[in-house]
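As structure tokens, the structure follows; a few thoughts come after it.
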Amino acid sequence: MTAGARVVAALHRGRTVALVPALSIALALVIGAVIMILSSPLVSGEFDPTLPVTAYQAMLSGAFGSFDGVVRTLVNATPLVLAGLAVGIGFKAGLFNIGAQGQFLIGALTAAAAALALNDASPFVAIPIALVAGMLGGLLWGFVPGALKAYTGAHEVVVTIMLNYVALAVLSWAISGPLRGQNVTFARTDDLIGASLPIFLGRDGHIGLLIAAVSVPLASWLLYRSTIGFEIRTTGANPDAARYAGMHPRKLIVFTMSLCGLLAGLAGASQLLGEVGYMTASFSTTVGFDAIAVALLGRAHPVGILFGALLFGAMQAGSGNMQILAGLPVQMVGVLQATILLVLTAEVVVRRLFRVQASGPELVELASVSRSYGGKGTG
Amino acid sequence: MTPGAHNRAPALLEMRGITKRYPGVVANDAISLEIRAGEIHALLGENGAGKTTLMNVLYGLAAPDEGEILMEGLAIKIASPHDAIARGISMVHQHFMLVPVLSVADNILLGDEPMKNLVFVDRSAASARIRELGASFGWEIDPERPVGQLSVGWQQRVEILKAIYRNAKVLVLDEPTAVLTPQETKEIFGVLRRLKAEGYAIVFISHKLYEVLEIADMITVIRRGKVVGSREPATTNEDDLAELMVGREVQLTVDRGESHPGDRMLEVEGISVNDDRGREVVHDVSFEVRAGEIFGIAGVAGNGQDELVGAVTGLRRVHRGTIRLGGDDVTRADPRRLHKMGVGFVPGDRQRFGLVLSFPLSDNLVLNDYYHAPYARGLVRDDDAILRNAEAVIAKYDVRTPSATVPSQTLSGGNQQKLIVAREFEGDVRLLVLDQPTRGLDVGSIEFIHRQAVARRDTGVAILLISAELDEVLELSDRIGVMYRGRIVEVLDGRSASREEVGLLMATGGRTSGIQEQIVETAS
Chain A
0 MTAGARVVAA LHRGRTVALV PALSIALALV IGAVIMILSS PLVSGEFDPT LPVTAYQAML
60 SGAFGSFDGV VRTLVNATPL VLAGLAVGIG FKAGLFNIGA QGQFLIGALT AAAAALALND
120 ASPFVAIPIA LVAGMLGGLL WGFVPGALKA YTGAHEVVVT IMLNYVALAV LSWAISGPLR
180 GQNVTFARTD DLIGASLPIF LGRDGHIGLL IAAVSVPLAS WLLYRSTIGF EIRTTGANPD
240 AARYAGMHPR KLIVFTMSLC GLLAGLAGAS QLLGEVGYMT ASFSTTVGFD AIAVALLGRA
300 HPVGILFGAL LFGAMQAGSG NMQILAGLPV QMVGVLQATI LLVLTAEVVV RRLFRVQASG
360 PELVELASVS RSYGGKGTG
Chain B
0 MTPGAHNRAP ALLEMRGITK RYPGVVANDA ISLEIRAGEI HALLGENGAG KTTLMNVLYG
60 LAAPDEGEIL MEGLAIKIAS PHDAIARGIS MVHQHFMLVP VLSVADNILL GDEPMKNLVF
120 VDRSAASARI RELGASFGWE IDPERPVGQL SVGWQQRVEI LKAIYRNAKV LVLDEPTAVL
180 TPQETKEIFG VLRRLKAEGY AIVFISHKLY EVLEIADMIT VIRRGKVVGS REPATTNEDD
240 LAELMVGREV QLTVDRGESH PGDRMLEVEG ISVNDDRGRE VVHDVSFEVR AGEIFGIAGV
300 AGNGQDELVG AVTGLRRVHR GTIRLGGDDV TRADPRRLHK MGVGFVPGDR QRFGLVLSFP
360 LSDNLVLNDY YHAPYARGLV RDDDAILRNA EAVIAKYDVR TPSATVPSQT LSGGNQQKLI
420 VAREFEGDVR LLVLDQPTRG LDVGSIEFIH RQAVARRDTG VAILLISAEL DEVLELSDRI
480 GVMYRGRIVE VLDGRSASRE EVGLLMATGG RTSGIQEQIV ETAS
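Taken in sequence, the protein lines are chains A and B. All letters in the first sequence, in the order written, are residues 0 to 378 by numbering that gives the first Met the number 0. All letters in the second sequence, in the order written, are residues 0 to 523 by numbering that gives the first Met the number 0.
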């Protein structure tokens, strides 16, 4: 196959695979509109059927209407891309990584520790070391559930959920203990000046953007063009066949979970050093969970995850404008995101509603979600 | 028209010119079929011939592109299984559609619950009726027993009861004997004859010739989506049906010349192997397979064959004894190392071990060679080489598929097995382990695989064949080891061994006297 033919084939596949997510988003927006109309008396004192139009317009212009808005969208999407890959690559290996949040927090924390230690060093030294520290922290938080799953059979869903809490506890200990700042009034670190990521785009477009942008083709290459990716996908689709074919599913589970942790840790480090600038107990509490929605929306495919992250990033970027122009609280965006996820997981309903035939094998990976919850699986 | 059709009853159900196309294939091509009350109509064809598609059309699971269905002479529309059931058409699927944790009664009522006062399910009345219905067949059925606790044979009866409970007139059974033991098959045949006598119309889908000859009143043969002939059992025989089914003369037995055994290729010395629960189920087994011979292992399923295969192929630990391949110790070798040393393995459970069903054919054909040249350079896959290999193999082994990039789950069982055989037989192979290589396959595929095995033997490959089909072992093996309770109790010459001799060894382990309970246990 030539490169051109491959692109055409990929586009064709993409269209069939993206159909259900696209319909789910549309359906969620309609449901969101109904909720907005129902809640409009709280905003203007009477029912206002045009409120959704105003709100969606405001959101759209907030997210894409200005240069700063677009940059905001991209910056919001950055951690979601990396953490979304951390969940999506797990799906490909048949693993449900609910622990992206914990890996994200630990990654941010180890990056913070490294950055604090190097606060006086040159950024050329501090930044790479802090980012690598973040990746290693996340890797550790992914390695543990991976190893436990591979060698003791402990289910990764249970272990990663527990490790999310452990990560929170470690975080609050660290910032009120060893990493607590000198002149701060509440538990937080000092500002991380030495390792803060340079801005290259607009007001706050930091270089984490570029890292996320590069990670998408890299992840695609890894999954679909490399032999390791073939092993990961085989293990996810049929672990017995993988063993029969001479692959080592246990090692692959440990490897994949570690890689997922690394990506989520990188997301945390990039968010900390490029966006927030210091570590607190309330540091980005939802990125790792939004990442699950993004990975599902993206059908666990890197390119899909990129689009899912951009959508969620744009909704967050537009939420402020929506509040100002339509008078709806920013939490409305949370409602919309949750509705998208709800509709998406009720795939069967969407298919019935729009009379879409089940598409090809690309969706099989998502079976790991239902299998994780004691479903019958494919056997 | 079919011979003798003029003096038979008018059709209860008629399918006329049914055509169903799927992307790349015509699954049914203008098929017409007449089904009569009080008759068992067998639908015979190879895997992938279109039998199941035709029945899915009848059951409302697939919409035909052309053609019509008539019931008692009137055209009807069947848009869903619900319609089909309402018209009295019921289907017993090959894989039962039962909920294991629910009781027999609940399974039968599911989807059609009788209501009391429009709110409550009237279970007691239903329960009594099911018991009564079962009794009318001479079955003692406890309606409150969870279905998961029943044997496969009884689960099938629950499916049949479910159909009758819903007032079916036409019963479609998709390969009903595939999951049954010979004894259970005999029993289910009795049930079918009984239903026939009571005026039910029965469609019996199968690819087993002798079964069809035994049970059917009329046999319609389908090949590649078309009806190629109809026969009455009295006017036909196995050879005739096989030829119709496959489209050419089929040799039900393989021609094979003398074997010319060479050096010892596989040497198994005193190995003991545990099962998944940690019990030792293979005890101190020794045998050898020479280059250029087929060594068959016969035995009733569950006598340690699966564990023995696992040990030889590196999937299971050997805790005592040694295995050598061409003189090298491979007792602890993993599947990758064995594959590199020239061991090909056709696994018994092909969908679980042999294939990744969601992957394209091309990927499945390099499942154990994906990591080296020409299919990869370093860590990078060479998709072009993988695809070229697939196209070459598909042509050489005549795998029927629209393309090399469709998922392997879209292939019929026979073609899936051809895929595995192609992958494992190609290249520098020194030992082939064939575990139940033709289980569930049609005659055409069986013939193909047997020929390939003999051809590989003649090129000097050592072949270890494990099969629960005694006929297969007898037909192919140069030497036969009989496995009984985890031991190889006897090794016989493949040419002179008789069916009776091997069968007796399989059932008793060769102890013609004493230890009576062993015989009873094995027979049950």
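Backbone N, C-alpha and C define an ideal beta-carbon position, used for all residues, glycine too.
Exercise for the section: Helix, strand or coil for B:I201, going by three-state DSSP, please let me know. Expected result: Here B:I201 sits in strand by DSSP.
Problem - Cα-Cα separation between B:K555 and B:H40, rounded to whole angstroms - result: Residue 555 of chain B lies beyond the range of chain B shown here (0 to 523); nothing can be said about it.
Handout entry: B:H371 burial status per 10 Å Cβ neighbour count (16 or more: buried)
Key = With fewer than 16 neighbouring CB atoms inside 10 Å of its own CB, B:H371 falls in the exposed class.
Problem - Rounded C-alpha distance that separates B:G269 from B:Y369 - result: If I take the Cα positions, the gap works out to 35 Å.
Exercise for the section: For A:S225, go through chain B and note every residue whose CB falls closer than 8 Å to its CB, in chain order. Expected result: Within 8 Å Cβ-Cβ: L378, V379 and R380.
Handout entry: Boundaries (first-last residue) of the beta strand (DSSP E) holding B:R387
Key = B:R387 -> not in any beta strand (DSSP E); alpha helix (DSSP H) instead, spanning D382 to K395.
Practice task
Using beta-carbon positions only, say whether B:V299 and B:M505 come within less than 7 Å of one another.
Solution key: Going by C-beta atoms, B:V299 is nearer than 7 Å to B:M505.
Practice task
Please look up how many angstroms separate the CB atoms of A:T255 and A:A92, rounded, as I've assumed it's under 8 Å.
Solution key: Going by Cβ atoms, the distance from A:T255 to A:A92 rounds to 4 Å, so yes, they are a contact pair.
Exercise for the section: Report yes if the CB atom of B:I465 is closer than 7 Å to the CB atom of B:L431, and no otherwise. Expected result: Pairing B:I465 with B:L431 gives a Cβ-Cβ distance that is not under 7 Å.
Handout entry: Three CB pairs or more closer than 8 Å across the stretch 259 to 271 of chain A and the stretch 125 to 145 of chain A
Key = Contact holds: three or more Cβ-Cβ distances are below 8 Å.
Handout entry: Endpoints, beta strand (DSSP E) assigned at A:T233
Key = Counting along the chain, A:T233 falls outside any beta strand (DSSP E), though it belongs to the alpha helix (DSSP H) covering T226 to A236.
Exercise for the section: Mind listing the chain B neighbours of A:D239? Cutoff is C-beta to C-beta under 7 Å, in chain order. Expected result: The answer, in chain order, is R351 and F352.
Problem - Proximity of B:N302 and B:M70 at Cβ, strictly below 7 Å - result: Result no, Cβ atoms of B:N302 and B:M70 do not sit closer than 7 Å.
Practice task
Name, please, each residue of chain B whose Cβ falls closer than 9 Å to the Cβ of A:R202.
Solution key: What A:R202 touches in chain B, judged by beta-carbon distance under 9 Å, is nothing: the nearest beta carbon there is about 40 Å away.
Handout entry: Continuous alpha helix (DSSP H) stretch holding A:I105: start and end
Key = From DSSP, the alpha helix (DSSP H) with A:I105 extends over A99 to A116.
Practice task
Return yes when the Cβ of B:A375 is within less than 7 Å of the Cβ of A:T234, no when it is not.
Solution key: Against a cut-off of 7 Å, the Cβ pair of B:A375 and A:T234 comes out as no contact.
Practice task
Would you please state the rounded distance, in angstroms, between the beta carbons of B:V226 and B:D173? I believe it to be under 8 Å.
Solution key: Between B:D173 and B:V226 the Cβ distance is about 18 Å, and since that is not below 8 Å, they are no contact.
Practice task
Look up A:P127 in the DSSP assignment and say whether it is helix, strand or coil.
Solution key: It is helical.
Problem - DSSP state of B:F96 mapped onto helix, strand, coil - result: The identity of residue 96 of chain B in the sequence shown is Met, whereas the question assumes Phe. Note: B:M96 maps to coil in three-state DSSP.
Practice task
Would you verify that the beta carbon of A:Y243 is, or is not, closer than 7 Å to some beta carbon of chain B?
Solution key: Yes, because at least one Cβ of chain B sits closer than 7 Å to the Cβ of A:Y243.
Practice task
Could you tell me which of B:T234, B:V488 and B:F294 sits nearest to B:P260, measuring between CA atoms?
Solution key: With distances taken between Cα atoms, B:P260 lies closest to B:F294.
Exercise for the section: Check whether the stretch 46 to 59 of chain A touches the stretch 268 to 280 of chain A, counting contact only when three or more Cβ pairs, one atom from each stretch, lie closer than 8 Å. Expected result: No contact exists between the stretch 46 to 59 of chain A and the stretch 268 to 280 of chain A.
Exercise for the section: Give a yes or no on whether 7 Å exceeds the smallest Cβ distance from A:G374 to chain B. Expected result: In this prediction, A:G374 scores a pLDDT of 32, lower than 50, which makes its location untrustworthy; the coordinate-derived value is nonetheless stated afterwards. Look at A:G374: its C-beta is not under 7 Å from any C-beta on chain B.
Practice task
Give me whichever residues DSSP pairs with B:R263 in a beta bridge.
Solution key: BP columns for B:R263 point to B:R289.
Exercise for the section: With 8 Å as the C-beta to C-beta threshold (strictly closer), list the residues of the stretch 435 to 458 of chain B near chain A in chain order. Expected result: The residues in question: there are none.
Handout entry: Interface residues of chain A facing B:R335 [CB-CB closer than 7 Å]
Key = Correct list: G245.
Exercise for the section: Compare the C-beta of A:A72 with all C-beta atoms of chain B and state if any pair is closer than 7 Å. Expected result: Strictly speaking, residue 72 of chain A in this sequence is Thr, with Ala absent from that position. Not a single CB atom of chain B sits nearer than 7 Å to the CB of A:T72.
Exercise for the section: Indicate the three-state DSSP secondary structure (helix, strand or coil) for A:G13 in the structure shown. Expected result: Helix, per DSSP.
Problem - DSSP beta-bridge partners of B:N27 - result: Beta-bridge analysis with DSSP links B:N27 to B:K19.
Problem - Whole-number beta carbon distance between B:V281 and B:E257, since they are thought to touch under 8 Å - result: Contact between B:E257 and B:V281 does not hold, since the beta-carbon distance rounds to 31 Å and is not under 8 Å.
Practice task
Pull up the distance between the alpha-carbon of B:R456 and that of A:G3, whole angstroms please.
Solution key: Each residue's CA atom was taken as its position, placing B:R456 and A:G3 some 45 Å apart.
Handout entry: CA-to-CA distance, B:V169 to A:D239, given in whole angstroms
Key = Distance between the alpha carbons of A:D239 and B:V169: 40 Å.
Handout entry: Within chain A, partners of B:H338 - CB distance below 7 Å
Key = Simply G245.
Problem - Cross-chain neighbours of A:T233 in chain B, by beta carbon under 9 Å - result: For a Cβ distance threshold of 9 Å, residue set V355, F358, D362, L366 and Y369 of chain B lies close to A:T233, ordered along the chain.
Practice task
With DSSP as the reference, label B:F136 as helix, strand or coil.
Solution key: The answer is coil: DSSP assigns B:F136 none of H, G, I, E or B.
Exercise for the section: Please decide whether A:F229 counts as near chain B, where near means a Cβ-Cβ distance under 7 Å. Expected result: With 7 Å as the cut-off, A:F229 counts as an interface residue toward chain B.
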